[in-house]
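Residue numbers (this note's numbering): 313 to 465.
In structure tokens:
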């Protein structure tokens with residue numbers, strides 16, 4: 313009977329620890345990088361996540377009289393503040409070409425590649441809290457290529 317209690321105690325202690333460790337290792341499974349070409353220099357930065365949105369209603373003639381509205385929005389969540397990346401967008405008002413690459417560090421999922429052309433910075437948010445700091449950036453562009461599929465407006 314003591315053996316059963318020891319075994320059950322071991323299971324109760326082992327499984328939560330195993331589950332906790334397995335969840336921590338999956339956090340960094342996907343490696344996401346964004347790069348832009350600023351003249352001769354290529355700036356590469358690690359990001360935690362990205363979101364791509366398409367807004368067709370902004371491009372109607374009533375809403376886009378100036379012709380400056382862009383159809384695609386790319387939101388980037390940086391792991392840490394990246395001043396060279398920010399500087400590249402501030403200094404280049406015409407827009408920058410770049411790409412987002414997503415790779416599975418385990419090699420089980422296919423890599424993803426998102427190219428964007430003439431992207432300009434619309435919004436930047438710099439955040440710092442205690443030991444954490446981060447940066448969020450929203451870019452807009454009219455041409456985007458997702459895994460070889462070119463979409464333009």
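Beta carbons are placed, not taken as given, at the ideal position from N, Cα and C, and that holds for glycine. Because the structure is a prediction, the values reported are computed rather than measured.
Practice item. Would you mind stating whether residue 349 and residue 408 have Cβ atoms separated by less than 8 Å? Key: As a working note, residue 349 is residue 37 in the chain shown. As a working note, residue 408 is residue 96 in the chain shown. Contact: yes.
Review point. Who are the near neighbours of residue 413 in its chain, counting only those whose CB is closer than 6 Å to its CB and skipping five residues on each side?
Key: Counting from 1 along the chain shown, the entry for residue 413 is found at position 101. Contacts found: 345, 425.
**Study point:** Own chain, CB closer than 8 Å to residue 417, minus 5 neighbours either side, in chain order
**Key:** Here residue 417 corresponds to residue number 105 of the chain shown, with the count starting at 1. Within the same chain, Cβ atoms closer than 8 Å to the Cβ of residue 417 are found at 340, 341, 342, 343, the five residues on either side in sequence being excluded.
Check your understanding: Do you know whose CA, among 427, 403, 451, lies nearest residue 435's CA?
Key -> Taking the first residue of the chain shown as 1, we reach residue 435 at position 123. Distance check between residue 435 and each of 427, 403, 451 places 451 closest, using alpha-carbon atoms only.
Review point. Do you know how far the Cα of residue 462 is from the Cα of residue 393?
Key: The count along the chain shown starts at 1 and reaches residue 393 at position 81. The count along the chain shown starts at 1 and reaches residue 462 at position 150. Cα to Cα, the separation comes out at about 30 Å.
Check your understanding: Who pairs with residue 357 in a beta bridge, going by DSSP?
Key -> The residue given as residue 357 occupies position 45 in the chain shown. Beta-bridge pairing links residue 357 to 346.
Point to revise | Which listed residue (362, 382, 361) has its alpha carbon closest to that of residue 429 | key: Start at 1 with the first residue of the chain shown, and residue 429 comes out as number 117. When only C-alpha atoms are compared, the closest one is 382.
Check your understanding: Can you list, in chain order, the residues of its chain whose CB lies under 6 Å from that of residue 437, leaving out five sequence neighbours each side?
Key -> Translated into positions along the chain shown, residue 437 becomes position 125. Only residues of its own chain outside the window of five on either side were considered, and among them 448 have a CB closer than 6 Å to the CB of residue 437, listed in chain order.
Check your understanding: Under the three-state reduction of DSSP, which class applies to residue 278: helix, strand or coil?
Key -> In the structure as shown, the chain starts at 313 and stops at 465, and residue 278 therefore has no counterpart that could be examined.
Check your understanding: With 16 as the cutoff for other CB atoms within 10 Å, does residue 456 come out buried or exposed?
Key -> Position 144 of the chain shown, counted from the first residue, corresponds to residue 456. With 16 or more Cβ atoms within 10 Å of its Cβ, residue 456 is classed as buried.
Check your understanding: So with Cβ pairs under 8 Å, would you call residue 387 a contact of chain C?
Key -> Going by chain labels, chain C is absent from the structure shown, which holds only one protein chain.
Check your understanding: Assuming residue 347 and residue 411 make a contact with CB atoms under 8 Å, what is their CB distance in whole Å?
Key -> Here residue 347 refers to the residue found at position 35 of the chain shown. Here residue 411 refers to the residue found at position 99 of the chain shown. That pair is a contact at about 6 Å.
Review point. Quick one: what's got a C-beta closer than 7 Å to residue 445's C-beta in the same chain, skipping five residues either side?
Key: Along the chain shown, one-based indexing puts residue 445 at 133. Taken in chain order, the residues that qualify are 392, 393, 439.
Exercise for review: May I have the straight-line CA-CA distance separating residue 397 from residue 362, to the nearest angstrom?
Suggested key: For the purposes of this step, residue 397 is identified with residue 85 of the chain shown, where counting begins at 1. For the purposes of this step, residue 362 is identified with residue 50 of the chain shown, where counting begins at 1. Roughly 15 Å between the two C-alpha positions.
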